[in-house]
Amino acid sequence: MGHQPNDVQAMQEFAVILVSSILINNFVLVQFLGLCPFMGVSTKLESAIGMSAATTFVLTLTAMASYIVDVLILMPLGLIYLRTIAFILVIAAVVQFTKMFIEKSSPLLYRVLGVFLPLITTNCAVLGVALQNASKDLNFMQSSLYGFGAGAGFSLVLIFFSAMRERLAVADIPAPFEGAAIAMITAGLMSLAFMGFSGLV
Amino acid sequence: MAFKQITSPHAHASQNTSKVMQLVVWATVPGLIALTYHFGWGSLINVVLATATAVIAEAAVLQLRGRSIAFYLRDYSAVLTAVLLGLALPPLAPWWVVVVGTLFSIVIAKQLYGGLGYNPFNPAMVGYVILLISFPIQMTTWITPLALLPDGVSHPGIIESLSIVFAGLNPADGVTGATPLDSFKFSDGLLVDQIYAQNPLFSQAGFAGVGWEWVNVGFLIGGLILLGSKIFTWHGPVAMLGAIAVMSILFWDGGSSDSPGSALMHLFSGASMMGAFFIMTDPVSSAASNRGRLIYGALIGVLVYLIRAWGNYPDAVAFAVLLANFAAPFIDNYTLPRTYGHIDRRRATEKEEDQ
Amino acid sequence: MKTWVTPGGVHPPENKHQSLTLPIGTLPLPEKLLIPLSQHIGAAATPCIEVGKKVLKGQVIAHATGPVSVPMHAPTSGTITAIEHRPIAHSSGMLAPCIEITSDGRDKWKKHEGIADYEHASPSTLLKAVADAGIAGMGGAGFPSAVKLNPGRQRPIHTLIVNATECEPYITADDSAIRERAAEIIEGIGILSQILGNPSNILIGIEDNKPEAIAALEPLVLDTGIRVASFPTKYPSGGEKQLIYILTGKEIPSGDLPADIGMVCVNIGTTYAIKRAIVNGEPLISRVTTMTGDACGINRNYDTLIGTPVSHMLAHSEFNEQACSRLVMGGPMMGFSLTSSDVPIVKTTNCILAPSYDEIPDDEPAQACIRCGMCAEACPVSLLPQQLFWYSQADDQERLEAHNLFDCIECGACSYVCPSNIPLVQHYRHSKGEIQKARAEKIRSDHARERFEFHQQRIEQADKDKEAKRAARREAAEQAKAKAKAAPDSAAAGGNPMGGSAADIIAAAQARAAAKQVSPEQQQAKFERSIAGAEMRVQMAEEKLATASDSSTDEQKNILNAAIEGAKQKLEQAKARLAEHVEQQNGEQVD
Amino acid sequence: MIDTIAQYPILAALIALVGLGILFGGLLGFAAEKFKVEGDPIVEQIDELLPQTQCGQCGFPGCKPYAESIANGDAINKCPPGGQTTINAIASLLDVPAPELDAEHGEEADLKTVAYIREDECIGCTKCIQACPVDAILGAAKLMHTVIADECTGCDLCVEPCPVDCIDMLPVEEGIKEWHWPAPVAPANLIASDRRATQ
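Taken in sequence, the protein lines are chains A, B, C and D.
Residue numbering for the first sequence follows this note's numbering, starting at 1 and increasing by one per position.
Residue numbering for the second sequence follows this note's numbering, starting at 202 and increasing by one per position.
Residue numbering for the third sequence follows this note's numbering, starting at 557 and increasing by one per position.
Residue numbering for the fourth sequence follows this note's numbering, starting at 1148 and increasing by one per position.
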């Protein structure tokens, strides 16, 4: 495929990054990152959609910002060892910004997301994206796309999962398995199904 | 004079859940016959073993939960799950493979969710996928179809089969082999025509793959019987098979070495027909509305093709069904039919009716 | 004629032949008749007779209450023996107000006559006659016909649909009525058309499983502009909405009435009642009711008086209670079970079904819903019954409404096909009731909130007013006090001769202020008056002492003496103050 | 410049981190100004869900104050008149798990009640009129009082102040118009459910 024009190749590359981050290396079901909002904000479809939007936004923004910080500040100064702490700083700022924005634009969503909104800061998926981007030596476009793909993958499973949990709310589940227990089992079965994507791309 | 207070309607059609389940079980018979003819007694042993395990497991869970065992067993859903799993597993698989898979199907995928009607995933496919991931060797060892057995070798008889399954004896050389999808997938660098010419699985086949094509035809016949008796609507199976066909025609590149194979091969290989008529039509875990089932079926078809063509697994029906099960509740929220007197379809998440 | 096909539907065994072997019969006059005051949609009628009064057949015994209501008439002549709560034909089995008439056996009509020359009567005259005859839709819902036939000027009617579908199994009331009374029915349709301003399109909708009825109607509609539209049999086709769609291909928007799209749909039994009311002047006091089911030896249609107890009907139909699995008023799909056979036949009762256990066995226990979707296939209004069931179990009212629960017509097709024997319709009815209750509670709580807010506002306002009043009073009191201080009242000023210095200054200032207001001459006169008064009191006390000296005790004398002493003191004080005052005046004048 | 800094890694790290901190601090400061939030619209939504009996069993003088308190993080299970339905509705709004009713504040009544004054015994003291939060009691001093049943929320605040105990809380009778089908009950011997046993 080396002979194809550059833009086609780039497009393919982007598609690969997207498919990989959404399906094959899905942050939640394959890499098991970001599980706490996945379990916490999935009891209601509406809030799951809100959380998905917020997380995707944060992930994309973080991927971009951390790339900039990495390339413009850390790399020239030889401060790669500061990546983790610098990225955490970036993430905290972006999340705080998102929190303020949501509080203003959608108070109900703000309320519904509750503690999980600030908790996006400690969502390992976010730091995961930033660090994976840095270690994979992706360029700016690719990093942003990877961040967005991670967010989209998170959103996809979170939204499906919450629709399923709404249905499970009525199920005649044995008492010891009610609530989080059956949700974990469901997530496990899902992650099993996502193994089917391995090798794709 | 006093009489009972009963809600309408008072009349009732004769159909009931047990009958539906039994009919589905019977409808697998053509497929089972084809399997047994082409691959020996293994499938039948699988089915019987799985059924026994399933009934015992279900009874045990019901006992633990203090439910009426007789009432719930009588719906035949456990039997159906076991039969489908037994048919999907490789013939002559060790007994513990069958037992473990069935236990997972019944206990984890079905009873933990509350039993029949509440399981979000197809129990048989959960069992299958767990086995496929945990025991890849046992799960990919298939039997050579009758027509391709080397001279002087035949499928093991019923006694021998039983000892292979239960005592761990090894079957004779040449009895085990790859499936058509397997061999196709792992024939890198060969043109499609070359594969068809060189591999007896294809060269001696009628139209898709030796033995397999007849198994699929068997399931197709059973499926059409069910469709005729209105056990399910055409939407799901047609969408799934249609999507597989469309995808394989779309990506059929004239038979290069990269080609994922023809539509005919995909439709009549592996678990395509069984998936389309027996697995994805499981109403509990599928989408509810007809439109939803079209989307659900198409999603399975596309996923089956994607994974078969580019994924690690040669057959993908189980994965595709589980993934679509995952999406089904979400699909349901956005595929309500248009109700009489309404201009537009509504969404399930709508708060108030827009006047 | 082109017809449309509704989605869904089922084909339960028809079982109509049993009750069609005999013509419409009449029952012997029952001893007692029970007329519920609410047999229709709308307000219950108001009784206008007393217990003990004699009535004639056809006489009004209860007036309509308000515009959406119908009057009730005595079905036979006799005596009113009770006006009280009795069990009526309702799923709840609860009691409702009824009028009981004990028949005198003579069945004597009151004087009645139809509207002569009704062809030239105005629609309003005809409507009034329909209303006075107490006619409510006889197909099942019981909507007052006069209201239905008067949609108002802004909703001109272009299509009149006469519902002769009778899609429920077993019921043959309309079928047999058409066979035997086709001419009168057609006449009734003519009157309806006249009331509605001659709509351009008049259709009789009838299923193709009633060939005799169609044959009876067809020759009569020639050259009348009425068309008989027959269409394939399917349950439910007889619902108003379904029939309109089948005949015209149009849907009534959710929440609207047929009149909103220019259509009116009337049951064929109602057209007969309207004919009798207009042409013969007879109010609605009887109707054709099917008595059927294997638990009855005789299956046939009866021209039944409204108010006839079901037990009376059963008694004359060779009823075998032991064989009867349940007693149903209406058909097997939408009828409701009766808990007692004492309930009366009402204007909407088209059938009494007494099936044997073979016909309709007891319900089997419900199994789990496997979401098979057979219900969705059977639903005539394209709902998803399995989802509704799911959310009904979860009591998720938001989702139920989003799934259009309120468009469910409760036809029972979903329950009929359900392989798991789930009583779906009961779930929906329950959920509808719960949602309506929640809505009513919401209205109540909003209302309570308003009232509470108003209450708080009122309290606040009252407090404010009180505060303002108090402030005003305080001011007034202070002024009064100032006046009092300024006035050199003997008691006030004298009682405080040695006040504190500050108080003195204030008192002095106040006194000065007061003094400025009252002229010195007046004050002097006042002082003089008080001196005169004090002198009087001293004098009187001394006189008293003189008269009392002989008889009274020492104690009394002491008191009197003290009083004289006091009065004298006051006199002294007053004199002193006068002197002071005069001095002051002089001083001031000097200054 | 960069070279100089790069020679002193500690300095570089310090500058980088402090710089980032200042940068993000500025950004957030700007955002805090720009997206300033006033008021809390959630109170209205919670108030909508409360039953508006104004009974004060929650410990607040009316439903609105309790709604405000919930918005500030108070427990949502203090409303006996609303019962589990209200708790569930609020839990669903706020997306928190629904607790059971706090028995401390009273028990959920099975039947809706309204106040009824035994008019023969009423001495016309107006105490109940003052207690009624929704002005549902009519009357004047020395005159017999009566309750407007339709307006009564059943809060029973009027029962306590009555000096002659002539106020009864009577259940509202359900007429034939209010009747609706009960939910079908699963046969008892089939569902001896573990789920219900734990509740």
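Ideal Cβ positions, reconstructed from N, Cα and C, are used throughout, including at glycine.
Identification of residues in the region 946-966 of chain C having a C-beta nearer than 7 Å to some C-beta of chain A yields Trp-946, Gln-949 and Ala-950, given in sequence order. By alpha-carbon distance to Asp-730/C, the top candidate from His-641/C, Thr-827/C, Asn-836/C and Val-866/C is Thr-827/C. Look at Cys-852/C here: in three-state DSSP terms it is strand. Only Gly-315, Gly-316, Leu-317, Gly-318 and Tyr-319 from the region 311-343 of chain B bring a Cβ to less than 9 Å from some Cβ of chain C.
The region 489-507 of chain B makes no contact with the region 162-182 of chain A, as fewer than three CB pairs between them are under 8 Å. Among the residues facing chain C, Val-170/A is included, as its CB has a counterpart in that chain under 8 Å away. Within the model, the alpha-carbon separation for Ser-896/C versus Leu-909/C is close to 13 Å. For Arg-275/B, the closest Cβ of chain A is not nearer than 8 Å. Ranked by Cα distance from Leu-1317/D, the options Val-1311/D, Cys-1302/D and Trp-1328/D are led by Cys-1302/D. Between the C-alpha atoms of Asp-383/B and Gly-462/B there is a straight-line separation of about 12 Å. Nearest CB-CB separation between Ser-647/C and chain D: below the 8 Å threshold. Residue contact check for Tyr-913/C against chain B: no CB pair falls below 8 Å. Contact residues of the region 478-499 of chain B toward chain A are absent (C-beta to C-beta distance below 7 Å).
A contact between stretches requires three or more CB pairs, one per stretch, nearer than 8 Å, and the region 215-223 of chain B meets this requirement with the region 964-975 of chain C. Beyond the five residues adjoining it in sequence on each side, Thr-60/A comes within less than 7 Å, by CB distance, of Ser-144, Gly-147, Phe-148 and Gly-151 in the same chain, given in chain order. Gln-1013/C has a beta carbon lying at 8 Å or more from every beta carbon in chain D.
Judged by their CB atoms, Thr-1233/D and Leu-1197/D are nearer to each other than the 8 Å cut-off.
In this structure, Lys-609/C lies away from Ala-630/C, with their beta-carbon atoms at least 8 Å apart. Inclusion of Pro-231/B and Gly-412/B in the CB contact set at 8 Å is not warranted, their separation being larger than that value.
Of the candidates Gly-78/A, Met-190/A and Leu-33/A, Gly-78/A places its Cα closest to the Cα of Ile-1157/D.
Chain B places no beta carbon closer than 8 Å to that of Phe-14/A, leaving this residue out of the contacts. Rounded to whole angstroms, Tyr-67/A and Ala-92/A show a C-alpha spacing of 15 Å. When secondary structure is reduced to three states using DSSP, Gly-690/C falls in the coil class, being assigned neither helix nor strand. Distance between Gly-243/B and Cys-880/C, taken at the CA atoms: about 54 Å.
Taking a Cβ-Cβ threshold of 8 Å, the residues of chain B close to Asp-919/C are Ile-207 and His-213, in chain order. Judged by DSSP in its simplified three-state form, Gly-302/B adopts helix. Within its own chain, the residues whose Cβ lies closer than 6 Å to the Cβ of Cys-1305/D, once the five positions on either side in sequence are excluded, are Ala-1262, Cys-1275, Ala-1278, Cys-1279 and Ile-1314, listed in chain order.
Runs of alpha helix (DSSP H) with 4 or more residues, each lying fully within the region 1187-1225 of chain D, are found at 1189-1196 and 1210-1218, listed in chain order.
Between Ala-488/B and Val-505/B, the gap from beta carbon to beta carbon reaches 8 Å or more. Between Ala-969/C and Val-566/C the beta-carbon gap is near 5 Å, inside 8 Å, which marks them as a contact.
Comparing C-alpha distances from Val-308/B to each of Phe-27/A, Pro-174/A and Ala-86/A shows the shortest one belongs to Pro-174/A. Here the C-alpha atom of Ala-687/C lies approximately 16 Å from the C-alpha atom of Gly-825/C. Boundaries for Leu-442/B: no beta strand (DSSP E) harbours it, while the alpha helix (DSSP H) harbouring it runs 436-451, taken from the DSSP string. Ranking Glu-103/A, Ile-73/A, Phe-140/A and Ala-15/A by CA distance to the CA of Gly-50/A puts Glu-103/A first.
Within the DSSP bridge table, the entry for Ser-893/C names Val-884/C as partners. For Met-11/A, the uninterrupted alpha helix (DSSP H) segment begins and ends at 6-19.
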